[in-house]
Structures are given as C-alpha cells and as structure tokens.
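Visitor:
There are 2 protein chains.
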Amino acid sequence: MDKAGFIAAADRQCQQQGVKLTALRRQVLELVLAHEGVVKAYQVLADLQRERGIAAPPTVYRALDFLVEAGLLHKVDALNGYIVCSHVGCCHEGLILVCTACGSVNELEAAPALDTLRQQAAAQGFAIAQQNLLLTGLCQACRV
Amino acid sequence: MDKAGFIAAADRQCQQQGVKLTALRRQVLELVLAHEGVVKAYQVLADLQRERGIAAPPTVYRALDFLVEAGLLHKVDALNGYIVCSHVGCCHEGLILVCTACGSVNELEAAPALDTLRQQAAAQGFAIAQQNLLLTGLCQACRV
DNA sequence: TTTCAAATGTTACTATATAACAGCACCATT
DNA sequence: AATGGTGCTGTTATATAGTAACATTTGAAA
Ligand SMILES: [Zn+2]
Ligand SMILES: [Zn+2]
Ligand SMILES: [Zn+2]
Ligand SMILES: [Zn+2]
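Going line by line, the protein sequences match chains A and B. Counting from 2, one number per residue, gives the positions in the first sequence under our numbering. Counting from 2, one number per residue, gives the positions in the second sequence under our numbering.
1) Specify, as a first and last residue, the run of the beta strand (DSSP E) that K76(A) falls within.
2) Which word fits G82(B), buried or exposed, when buried means at least 16 other C-beta atoms lie within 10 angstroms of its C-beta?
3) Got a sec: does ligand 1 put a non-hydrogen atom nearer than 7 Å to the Cβ of C15(A)?
4) Contact criterion: CB-CB distance below 8 Å. Does T23(B) meet it with respect to chain A?
5) Just tell me which of Q28(A), A112(A), H36(A) has its CA closest to the CA of H88(A).
6) Cutting at 7 Å between CB atoms, please list the residues of its own chain near F67(B), excluding the five before and the five after it.
7) Comparing alpha-carbon positions, which option in E52(B), E94(B), T23(B) lies nearest C86(B)?
8) Identify, in the order they occur along the chain, each residue of the same chain with its Cβ nearer than 8 Å to the Cβ of L139(A), setting aside the five sequence neighbours on each side.
9) If you follow the beta strand (DSSP E) that C140(A) is part of, which residue opens it and which one closes it?
10) Can you find a C-beta in chain A that's less than 8 Å from the C-beta of N107(B)?
11) Please confirm if C140(B) has its CB atom under 8 Å from at least one CB of chain A.
12) Looking at the secondary structure, which residues open and close the beta strand (DSSP E) in which G95(A) lies?
13) What does DSSP give as the partner residues of G82(A) in its beta bridges?
14) So that I know if they touch, is there some Cβ in chain A lying closer than 8 Å to that of L74(B)?
15) Check the DSSP bridge columns for L109(A) and list the partner residues they point to.
16) Nearest to G104(A) by CA position, among Q18(A), E37(A), L74(A), R13(A), is which residue?
17) What first and last residue would you give for the alpha helix (DSSP H) that runs through C103(B)?
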C-alpha cells in the first residue's frame with residue numbers, strides 16, 4: 002500500500018474506532034511512513050523538530066502510543082522502535098520477522114501460531130496477552 | 002533447582018564452553034538468583050554497590066551480557082530485564098512467559114511452536130534463527 | 001456562550017545502555 | 001626474571017529511551 006492509501010485507511014480505521022487522528026498524530030504517522038523498516042521515537046522527534054521547529058519527547062511518545070493503540074503501528078520492544086502495521090483494518094496479532102543482516106521487516110499473521118501457544122501456556126495456568134511475536138533471522142535476500 | 006545447585010551447574014557449563022565464571026560474574030549471578038522473576042540491570046547494580054561499596058553500570062552490563070551469552074540468563078527485552086534460565090545444560094529454545102503483574106517467570110519448551118513458525122516464515126523465504134520466544138501475560142495467581 | 005474533557009505544550013526528571021580509555025592479572029614465551 | 005599479549009575490570013563521561021507533573025489550548029456538547 003502506498004503512503005496516501007495508508008493514511009486514508011488510517012483515517013477510516015480511526016473513525017470506525019471513534020478516536021481522532023488529529024493533525025499532530027497524522028504528522029507523526031507520516032514521519033514514520035517516510036522511513037523503511039524500524040523507526041525510533043527520537044528519530045521521529047528529530048524529524049518533527051525539523052518540520053515544526055520545536056517539540057519535546059512526550060509529544061512524540063503520546064502520538065506513537067496512540068497510533069499503536071489504534072492498530073496503525075506496532076512497537077518492536079527488542080529494538081526500541083516502531084513499525085508500520087502492514088495489515089491495517091484487520092484485527093490481528095503479527096508475526097514480525099526482522100532480518101539481522103539488512104534490518105528489513107516482514108509482518109505475517111500470527112494468530113494460528115499464537116493459538117497453539119495460548120493452549121500450551123493455558124495448561125500452566127498462564128494467560129498470554131494480546132501481542133506481536135518478534136523473531137529475528139535472515140530474509141531471502143540475505144540467506145544466500 | 003536451588004541456588005547452590007544452579008551455581009554448580011553454571012560452573013560446569015562454563016567449563017564445558019571454555020569460558021570463565023569469574024568471581025565478579027558469579028557474584029552478579031548470585032544477585033540475580035536472589036530475586037524472583039525478572040531482575041533489572043540497575044537493581045543488580047544497586048545490590049552490587051551494597052556488597053562492594055562501588056560499581057558502575059558497565060561492570061554490571063558486562064557480567065549480564067556474559068551470563069546471557071553463556072546461556073545462564075535470558076534477556077527479556079519487553080521489560081528491560083533478565084531472568085534465570087530454568088533449563089541450564091540443555092540446548093533449548095524456551096517459551097518464556099512473563100507475568101506483567103507480578104514479574105514471575107515460567108519457561109516452557111518452545112520447539113513445537115517454533116517449528117510451526119519456521120514453516121510459516123520459510124514460506125516467505127525467511128529463516129528464523131535459534132532463539133527464545135518471549136511472551137507476556139498474566140500468571141495463574143494474578144488472573145483472578 | 002459556557003463548560004468540560006481531550007489534546008497538546010512545557011519543564012524537569014528518571015531509567016537504560018554504551019563508548020572509550022586506563023589499569024591490572026594472568027599466562028606463555030624468551 | 002623480564003617481556004608482551006590477552007582478557008577482565010575500573011572509571012569517566014555520555015548517549016539513548018521514556019515518563020511525571022502541571023500548564024495551556026481547543027473543540028464539541030450542553
Ligand atoms: Zn500489524
Ligand atoms: Zn536481510
Ligand atoms: Zn532457558
Ligand atoms: Zn503474576
């Protein structure tokens with residue numbers, strides 16, 4: 002999906018959810034979209050400062066939190082970063098594959114695998130929360 | 002396994018790997034063992050300072066990195082913390098369940114689930130590396 | 001228009017992690 | 001014993017990540 006298409010889809014999704022994709026939040030989303038792969042909060046902050054002159058960390062973190070909550074971005078804990086969700090519109094849990102060689106990101110549907118894991122964990126009385134699975138490895142281009 | 006037993010097993014494992022469990026590294030390991038569940042680097046640092054008078058972050062981070070590398074601890078990215086491996090000695094891929102309420106940790110065997118995930122990723126040309134699977138949720142005691 | 005809640009601005013701070021270099025302990029070779 | 005290398009630890013400084021708390025603005029409902 003191209004950037005404009007993603008923004009449009011984001012608008013629809015926020016409207017559906019009854020939350021507001023404000024100008025600031027949209028600007029942050031656009032800044033994230035402008036990068037390939039994983040983006041860091043302070044990178045977005047720097048970009049935002051370039052566009053608006055001044056901005057503080059909470060401004061960016063609030064917007065990023067909102068976008069994650071709205072299902073438009075995913076947080077990648079292992080890398081302290083964020084990625085654009087490649088399945089906007091479908092309620093899902095992602096299987097996020099990060100190539101350790103080139104940094105590229107690939108997001109698949111993780112629901113089936115997580116169902117299995119939930120069963121296994123439930124047998125121990127543990128309730129797995131809604132979340133993404135982050136795994137590292139080598140993408141096709143880097144396997145050689 | 003009790004603490005003394007774990008230290009003994011750690012000694013054996015390091016010897017097998019040809020790496021040295023020095024006094025400092027052992028002390029850090031003992032400090033981690035002294036806690037239940039997830040332990041944070043700066044908590045270990047504070048403990049270490051109480052025992053030795055002075056210590057700086059790199060001292061702790063180096064020891065923790067070593068212990069992770071040696072397979073004695075696992076890093077829990079989502080919580081910026083570390084846990085003791087409950088399968089020392091067996092080469093494994095763990096399914097690590099962390100309770101977000103109480104911090105307790107439960108480590109299961111993840112091989113079956115990871116096999117499924119590997120197949121799914123391989124269909125996209127992605128080769129998932131050897132690793133642990135970290136998931137958060139609520140333990141039996143905290144579900145209520 | 002008033003009023004309230006949500007969003008944003010602002011300041012200050014806490015928490016997490018690493019770079020870079022200095023000193024030391026140990027072992028192997030000479 | 002002296003030499004020199006390697007790996008471990010100490011030390012200082014800094015980089016990076018994230019949040020608390022309160023002030024101000026804004027926009028829609030009453
Ligand atoms: Zn997604
Ligand atoms: Zn790659
Ligand atoms: Zn383990
Ligand atoms: Zn719990």
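Each residue gets a CB set at the ideal place from its N, CA and C atoms; glycine is no exception.
Guide: Considering the structure as presented:
1) 74-77
2) buried
3) no
4) Cβ-Cβ to chain A under 8 Å: no for T23(B).
5) A112(A)
6) Excluding residues within five positions, the ones whose Cβ falls inside 7 Å are R26.
7) E94(B)
8) C100, T101, A102
9) In this chain, C140(A) is not harboured by any beta strand (DSSP E), its DSSP state being neither H nor E.
10) The beta carbon of N107(B) sits closer than 8 Å to some beta carbon of chain A.
11) yes
12) Looking at the DSSP string, the run of the beta strand (DSSP E) that includes G95(A) is 95-100.
13) V77(A)
14) no
15) L96(A)
16) Ranking the options by Cα distance to G104(A), first place goes to E37(A).
17) Premise fails: C103(B) is in no alpha helix (DSSP H) and is neither H nor E.
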